Amino acid sequence: RKEVEQDPGPFNVPEGATVAFNCTYSNSASQSFFWYRQDCRKEPKLLMSVYSSGNEDGRFTAQLNRASQYISLLIRDSKLSDSATYLCVVNGRSNAGNMLTFGGGTRLMVKP
Amino acid sequence: GAGVSQSPSNKVTEKGKDVELRCDPISGHTALYWYRQSLGQGLEFLIYFQGNSAPDKSGLPSDRFSAERTGGSVSTLTIQRTQQEDSAVYLCASSPGGGRWNTEAFFGQGTRLTVV
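Quick mapping for you: the protein sequence lines, in order, are chains A and B.
Under my numbering, residue 112 is the last one in the first sequence; the count climbs by one each step, no gaps.
Under my numbering, residue 1116 is the last one in the second sequence; the count climbs by one each step, no gaps.
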């Protein structure tokens, strides 16, 4: 089992739709969680951190479920500019110490 | 301040030649990661440094790949006897690392390697 798993998609949604991505992680000792965004031919950049109580940033909501070991990202009122790959990232103690592990990414395509 | 810097930004090399890719992390960042990404594919983890040591090098695809980090700063990724399947974008990222939690990683813009 991969340490961080995501559905690769693509998720094809119309403008204005609400879309949600899930990500599961295997290391129960993980403490920090992030969502990154990667545009085509660009490097990944931090979208938002994920806090235990859940957090919201405009149209984006991130949630953490420790019991089931998954995090989610909800995007409301999708825009064309939201089209990108969304990467789930987990930072947790392992044999390699405090190391970030990236999921394979979920591709989102927002259509007019 | 300066972000993660990678050089060269583009490299075209002939099959069988050796190449060196360089990463200058953000000053003070102890954790450094190398990934590669083929066109349309996800990130493929290569190696992780904490300081000068590499506690996880499990992602290096073959013994033609090696990486080092000196002075807890600059890292070089070396690919010997390059093959066409090595063509990809090689991304470096750094983060404060150590015992600190909730610290994000910052990526460089990558080196696009083309083996002809």
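Each residue gets a CB set at the ideal place from its N, CA and C atoms; glycine is no exception.
Just so it is clear, the structure is predicted and the values come from calculations on it, not from any experiment.
- Short of 6 Å from the beta carbon of B/T1114, and not among the five residues preceding or following it, lie these beta carbons of its own chain, in chain order: V1012 and S1087.
- Between B/D1024 and B/S1005 the beta-carbon gap is near 4 Å, inside 8 Å, which marks them as a contact.
- A residue is called buried once 16 or more other Cβ atoms fall within 10 Å of its Cβ, and A/C40, having fewer, is exposed.
- The C-alpha of A/S28 is placed about 14 Å away from the C-alpha of A/E5.
- Cβ-Cβ separation between B/I1047 and B/R1064: approximately 14 Å, too far for a contact (criterion under 8 Å).
- Taken in chain order, the stretch 1014 to 1059 of chain B contains no complete alpha helix (DSSP H) segment of 4 residues or longer.
- Restricted to the stretch 11 to 74 of chain A, not a single alpha helix (DSSP H) segment is unbroken, complete and at least 4 residues in length.
- Of all residues in the stretch 1084 to 1098 of chain B, those with a C-beta nearer than 9 Å to a C-beta of chain A are V1089, L1091, A1093, S1095, G1097 and G1098, reading in chain order.
- Note on geometry: alpha-carbon atoms of B/P1096 and B/K1057 lie some 19 Å from one another.
- Close partners of A/G104 in chain B (Cβ separation under 8 Å): G1042 and L1043.
- The C-beta distance from A/T18 to A/R107 rounds to 17 Å, too long to fall under 8 Å, and the pair is not in contact.
- In the same chain as B/G1110, and ignoring 5 residues on each side of it, the C-beta atoms closer than 7 Å to its own belong to Q1006, V1089, Y1090 and L1091, in chain order.
- Judged by beta-carbon spacing, A/S72 lies within the 7 Å limit of A/N22, meaning their Cβ atoms are closer than that value.
- B/Q1083 carries a coil assignment under DSSP once its states are collapsed to helix, strand and coil.
- Between B/S1094 and B/L1043, the CB-CB gap reaches or exceeds 7 Å.
- Of all residues in the stretch 1053 to 1087 of chain B, the ones placed with a Cβ closer than 7 Å to any Cβ belonging to chain A are P1055 and D1056, in chain order.
- At least one C-beta of chain A is nearer than 7 Å to the C-beta of B/G1110.
- Chain B places a beta carbon closer than 7 Å to that of A/E43, counting this residue as a contact.
- Of the residues A/Q63, A/V89, A/V13 and A/F102, the one whose Cα lies closest to the Cα of A/F34 is A/V89.
- Under the DSSP definition of a beta bridge, B/S1009 lacks any partner.
- Inclusion of B/L1021 and B/L1060 in the CB contact set at 7 Å is not warranted, their separation being larger than that value.
- The C-beta of B/F1049 comes no closer than 7 Å to any C-beta of chain A.
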